[in-house]
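S.K.: Numbering (my numbering), first residue to last: 3 to 272.
Even for Gly, the Cβ is constructed at its ideal location relative to N, Cα and C.
These numbers come from a predicted model, not from an experiment.
1. Compare the beta carbon distance of residue 85 and residue 75 with 9 angstroms and say whether it is the shorter of the two.
2. Quick check on DSSP: helix, strand or coil for residue 182?
3. Taking residue 179 as the reference, give the member of 156, 249, 241 and 41 with the closest Cα.
4. Does the beta-carbon of residue 266 have 16 or more other beta-carbons within 10 angstroms, so that it is buried, or is it exposed?
5. For a minimum of 4 consecutive residues, which ranges assigned as the alpha helix (DSSP H) are wholly contained in the region 213-246?
6. Where residue 64 and residue 123 are concerned, what is the direct C-alpha to C-alpha distance, given to the nearest angstrom?
7. Can at least three beta-carbon pairs, one atom from the region 167-187 and one from the region 234-244, be found at a separation below 8 angstroms?
8. Just to confirm, does residue 101 get its C-beta within under 8 angstroms of one of the non-hydrogen atoms of the ligand ZN?
9. Quick check: what's the CA-CA separation for residue 114 versus residue 139?
10. For residue 14, which three-state DSSP category applies?
11. Hey, how far is the Cα of residue 200 from the Cα of residue 59?
The following block contains the structure:
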């Protein structure tokens with residue numbers, strides 16, 4: 003068990019679980035949109051998410067003054083040379099896979115890549131970086147399906163909005179837990195800009211929004227398995243928020259917070 007836990011911690015430090023969660027979520031939306039998933043799109047998505055998250059960390063530690071304060075930043079500071087080489091290698095593979103994608107996905111994907119690049123350039127100065135990342139992450143997850151679908155039903159719009167809310171809650175929770183270390187290291191986040199109290203209120207407001215979406219869908223008889231999966235994801239994130247002392251130990255909040263996005267795998271079953 004200890005070996006498996008250490009392995010998963012390494013996977014988490016490398017943001018591999020974030021990339022896998024994005025692919026699983028995208029596959030879930032492909033089923034919802036009744037679109038046959040393109041394996042090249044899924045691999046490109048996974049690589050792109052990993053590149054953005056890893057580059058974000060590496061840019062954090064590039065101009066680090068003093069020692070890194072979190073395990074994640076210590077890891078990226080120690081192996082930054084190797085990780086930059088991996089980023090360029092994965093970027094080359096992702097670029098090659100573009101030729102196997104649908105034209106409509108390519109156009110939107112280029113705009114998304116440009117937006118992601120702009121974010122990486124200004125991320126150090128953003129006070130609402132969590133909102134930007136949540137938007138980019140959600141668009142990336144939806145792109146392989148949304149790019150091939152014409153009109154969407156109200157159900158699909160609501161589930162897409164709920165997924166964005168879940169991504170934002172996840173990022174704001176991390177911001178809350180890392181407020182002190184981010185502040186001492188000079189990193190910008192929602193929590194460092196507005197404080198833990200405001201961040202907590204915002205997290206709970208978003209949780210209520212997510213629950214309200216599920217409730218409305220149930221009332222309108224629009225529910226499906228994914229509706230309950232997203233509701234369960236909301237409750238898991240609420241539990242993390244309710245027991246900060248427990249989830250602070252060994253960065254449990256990150257391990258469970260990122261693993262939450264494995265749950266849409268349940269939505270693949272009819």
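M.R.: Considering the structure as presented:
1. To locate residue 85, count along the chain shown from 1; it is residue 83. To locate residue 75, count along the chain shown from 1; it is residue 73. It is not a contact, given that the beta carbons lie outside the stated cut-off.
2. The sequence position of residue 182 within the chain shown is 180, counting from 1. Correct three-state label for residue 182: helix.
3. Counted from its first residue, the chain shown places residue 179 at position 177. It is 249.
4. The residue given as residue 266 occupies position 264 in the chain shown. When all chains shown are included, residue 266 counts as buried.
5. 227-244
6. Taking the chain shown and counting its residues from 1, the one referred to as residue 64 is at position 62. Taking the chain shown and counting its residues from 1, the one referred to as residue 123 is at position 121. If you take the alpha carbons of residue 64 and residue 123, they lie about 13 angstroms apart.
7. By the Cβ criterion, the region 167-187 is in contact with the region 234-244, since at least three pairs of Cβ atoms, one from each stretch, lie closer than 8 angstroms.
8. Of ligands this structure carries none, so the ligand ZN is not represented either.
9. Translated into positions along the chain shown, residue 114 becomes position 112. Translated into positions along the chain shown, residue 139 becomes position 137. So the two alpha carbons sit approximately 10 angstroms from each other.
10. Translated into the one-based positions of the chain shown, residue 14 becomes position 12. Residue 14 falls in the helix class under three-state DSSP.
11. Along the chain shown, one-based indexing puts residue 200 at 198. Along the chain shown, one-based indexing puts residue 59 at 57. In a straight line, the C-alpha of residue 200 is about 25 angstroms away from that of residue 59.
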